[in-house]
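Undergrad: Have a look at the structure that comes next, please.
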Amino acid sequence: MKILVTGGLGFIGSHTVVELQNEGFEVVIIDNLSNSSEDVLKGIVKITGKEPLFEKLDLREKAAVQNFFKIHSDVAGVIHFAASKAVGESVENPLLYYENNISSLVYLLQELQQKTEASFIFSSSCTVYGQAEKMPITEDAPVQVAMSPYGNTKQIGEEIITDTAKVTNIRAILLRYFNPVGAHETTEIGELPLGVPQNLVPFITQTGIGLRKELSVFGNDYPTPDGTAIRDYIHVVDLAKAHVIALQRLLNKKNLHKVETFNLGTGKGSSVLEVITSFEKVSEKKIPYQFMPRREGDITEAYANTDKANTVLGWKAELTLDEAMASAWKWEQKVRS
Ligand code: WQD
Numbered sequence: 001m002k003i004l005v006t007g008g009l010g011f012i013g014s015h016t017v018v019e020l021q022n023e024g025f026e027v028v029i030i031d032n033l034s035n036s037s038e039d040v041l042k043g044i045v046k047i048t049g050k051e052p053l054f055e056k057l058d059l060r061e062k063a064a065v066q067n068f069f070k071i072h073s074d075v076a077g078v079i080h081f082a083a084s085k086a087v088g089e090s091v092e093n094p095l096l097y098y099e100n101n102i103s104s105l106v107y108l109l110q111e112l113q114q115k116t117e118a119s120f121i122f123s124s125s126c127t128v129y130g131q132a133e134k135m136p137i138t139e140d141a142p143v144q145v146a147m148s149p150y151g152n153t154k155q156i157g158e159e160i161i162t163d164t165a166k167v168t169n170i171r172a173i174l175l176r177y178f179n180p181v182g183a184h185e186t187t188e189i190g191e192l193p194l195g196v197p198q199n200l201v202p203f204i205t206q207t208g209i210g211l212r213k214e215l216s217v218f219g220n221d222y223p224t225p226d227g228t229a230i231r232d233y234i235h236v237v238d239l240a241k242a243h244v245i246a247l248q249r250l251l252n253k254k255n256l257h258k259v260e261t262f263n264l265g266t267g268k269g270s271s272v273l274e275v276i277t278s279f280e281k282v283s284e285k286k287i288p289y290q291f292m293p294r295r296e297g298d299i300t301e302a303y304a305n306t307d308k309a310n311t312v313l314g315w316k317a318e319l320t321l322d323e324a325m326a327s328a329w330k331w332e333q334k335v336r337s
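For the sequence shown, UniProt numbering assigns the number 1 to the initial residue and increments by one for each residue that follows.
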């Protein structure tokens, strides 16, 4: 069965391609290589021994998307990762985000709605909750006014899918990720942030390897036990496996509603200082850091209530924060070797 993975050469996309191939799916990847490289294909093949089909294509080009589905008319399901995802950049350049993240989604759905049936997995984010009132966060926590155009494109994307599924044969699952971290145990694939990493874990690993002098800890005056912000750091391999399970749910028509939503996290919150401690433990490296003012747009705390994913989806994160840090460190050393 052929599955389209858009953004399949990206961080979460590439790990998901590996898990799809492990489950025997035929995979075709669409990627415009704006935030990834074709070398990632080699890493996937080294892990699974199977070469996915790959089409370099920009989903903003409607004609190219239409042509793709003419050629690959046997695509049974789509996992849609391709999107711009840097929160800060989205504030500076909102139209880039609205054009890329929204038009790509619309063109994809316009092709899928013509099929007799289509399974669609959407890469969403816990960012839609903003600062949720109650921890841990459940799927029925209110979607708050987006803190950034990036977050808004995820909210709008969910609404577009929901409205479309109501009147077409598309069945969809919205996966709201918490904080994806780590890398495949083989170190053949991992996170490749371009330039100075915005996210915590790649910055830590680059500090550990000596690429960065010192980590800035954005805020130590949060109302949390150690004063630093809390997030739910989920190993990217656990996250990838959840996508395969969600897709199989739709392909096997086990879904209870046309659109279902699941939070994907570990259910455990970790502060910035706890992440640093975990990394120092597994790497035996000291991470020099300095407390700096809070980062604009950051929330205090977010970690997932995983009951629905565990019981309804039948998925549970298995890897720990230490295992995620160890894999991230192994990957950083490999990339810099
Ligand atoms: C985590 C914590 C920072 C860097 C974002 C997006 C989310 C998803 C994941 C795309 C925060 C602190 C960070 C640093 C620090 N992205 N930090 N020093 O902001 O929770 O989530 O990335 O899908 O949608 O919103 O992740 O890793 O940037 O930050 O102290 O150099 O680490 O303030 O508390 P975030 P993050």
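We treat Cβ as the ideally placed atom computed from N, Cα and C, and that holds for glycine.
It should be emphasised that the depicted structure is a prediction, and the values quoted were computed from it without experimental measurement.
On the criterion of 16 or more Cβ atoms from any shown chain inside 10 Å, does Pro-202 qualify as buried, or is it exposed?
TA: Under this definition Pro-202 is a buried residue.
Undergrad: Going by the C-beta, is Asp-226 closer than 7 Å to any heavy atom of the ligand WQD?
TA: Asp-226 Cβ: outside cutoff for every heavy atom of the ligand WQD.
Undergrad: Going by C-alpha to C-alpha distance, which of Gly-157, Phe-81, Asn-169, Ala-165 sits closest to Lys-115?
TA: Among Gly-157, Phe-81, Asn-169, Ala-165, the Cα nearest to that of Lys-115 is on Asn-169.
Undergrad: Considering Lys-268, what are the terminal residues of the beta strand (DSSP E) in which it resides?
TA: From DSSP, Lys-268 is part of no beta strand (DSSP E); its letter is neither H nor E.
Undergrad: Considering just the uninterrupted stretch of the alpha helix (DSSP H) at Asp-238, what are its terminal residues?
TA: Segment 236-251, the alpha helix (DSSP H) holding Asp-238.
Undergrad: In three-state terms, what does DSSP make of Leu-194?
TA: Three-state result, Leu-194: coil.
Undergrad: Is the segment 181-188 touching the segment 317-333, taking contact as three or more C-beta pairs under 8 Å?
TA: Yes, the segment 181-188 touches the segment 317-333.
Undergrad: Measuring straight from C-alpha to C-alpha, what distance separates Asn-67 and Leu-108?
TA: C-alpha separation (whole angstroms): 11 Å.
Undergrad: Any contact of the segment 263-275 with the segment 42-55, i.e. 3+ C-beta pairs under 8 Å?
TA: The answer is no - the segment 42-55 does not touch the segment 263-275, with fewer than three Cβ pairs under 8 Å.
Undergrad: Opposite Gln-144 in the DSSP bridges: which residues?
TA: For Gln-144, which the question treats as bridged, DSSP gives no partner whatsoever.
Undergrad: If we call anything under 8 Å between Cβ atoms a contact, is Thr-162 one with Val-78?
TA: For Thr-162 and Val-78, no; Cβs fall outside 8 Å.
Undergrad: Terminal residues of the continuous alpha helix (DSSP H) containing Thr-277?
TA: Per DSSP, Thr-277 belongs to the alpha helix (DSSP H) from 272-283.
Undergrad: Strictly by DSSP, which residues pair up with Met-292?
TA: Paired residues: Phe-218.
Undergrad: Going by C-alpha to C-alpha distance, which of Thr-266, Pro-293, Thr-311, Asp-307 sits closest to residue 339?
TA: The first residue shown for the chain is 1 and the last is 337, placing residue 339 beyond what the model contains.
Undergrad: Per DSSP, which one or two residues make a beta bridge with Val-75?
TA: Paired residues: Lys-2.
Undergrad: Verify the contact flag: Lys-85, CB atom, against every heavy atom of the ligand WQD, threshold strictly below 7 Å.
TA: The answer is yes for Lys-85.
Undergrad: Do Ala-229 and the ligand WQD come close, with the Cβ less than 7 Å from some heavy atom?
TA: Flag set: Cβ of Ala-229 near the ligand WQD.
Undergrad: So for Val-181, helix, strand or coil by DSSP?
TA: Three-state DSSP puts Val-181 in a strand.
Undergrad: Using beta-carbon positions only, say whether Tyr-233 and Thr-300 come within less than 8 Å of one another.
TA: Contact flag unset, no.
Undergrad: Is DSSP giving Asp-31 helix, strand or coil here?
TA: Three-state DSSP puts Asp-31 in a strand.
Undergrad: List the endpoints of the continuous beta strand (DSSP E) containing Leu-53.
TA: Looking at the DSSP string, the run of the beta strand (DSSP E) that includes Leu-53 is 53-56.
Undergrad: Express the C-alpha separation of Thr-228 and Ser-271 in angstroms, rounding to a whole number.
TA: Going from the Cα of Ser-271 to the Cα of Thr-228 covers about 6 Å.
Undergrad: If you follow the beta strand (DSSP E) that Phe-120 is in, where does it begin and where does it stop?
TA: 118-125 is the extent of the beta strand (DSSP E) around Phe-120.
Undergrad: If you measure from the CB of Ser-278, is any heavy atom of the ligand WQD nearer than 7 Å?
TA: It does not: the Cβ of Ser-278 is nowhere closer than 7 Å to a heavy atom of the ligand WQD.
Undergrad: What's the call for Lys-42, buried or exposed, on a 16-neighbour Cβ count within 10 Å?
TA: So Lys-42 ends up on the exposed side.
Undergrad: Is Tyr-97 close to the ligand WQD? I mean its beta-carbon at under 7 Å from any heavy atom of the ligand.
TA: Result no, Cβ not under 7 Å from the ligand WQD.
Undergrad: Going by DSSP, what residue range makes up the alpha helix (DSSP H) through Lys-334?
TA: Its alpha helix (DSSP H) spans residues 321-336.
Undergrad: Going by beta-carbon coordinates alone, are Leu-192 and Phe-262 separated by less than 8 Å?
TA: No, these two residues do not count as a Cβ contact at 8 Å.
Undergrad: Could you tell me which residues DSSP puts in a beta bridge with Leu-211?
TA: DSSP, once it has assigned bridges, lists no residue as partnering Leu-211.
Undergrad: For Asp-39, is the classification buried or exposed, using 16 other Cβ atoms within 10 angstroms of its Cβ as the cut-off for buried?
TA: Exposed, because fewer than 16 other Cβ atoms sit within 10 Å of the Cβ of Asp-39.
Undergrad: By alpha-carbon positions, which one of Ala-82, Val-335, Asp-322, Ala-302 ends up nearest to Val-128?
TA: Comparing Cα positions, the closest option is Ala-302.
Undergrad: Below 8 Å on the Cβ atoms is my contact criterion, and I expect Lys-281 with Asp-322 to pass it. Report the Cβ-Cβ distance as a whole number of Å.
TA: The Cβ separation is near 7 Å, so the contact holds.
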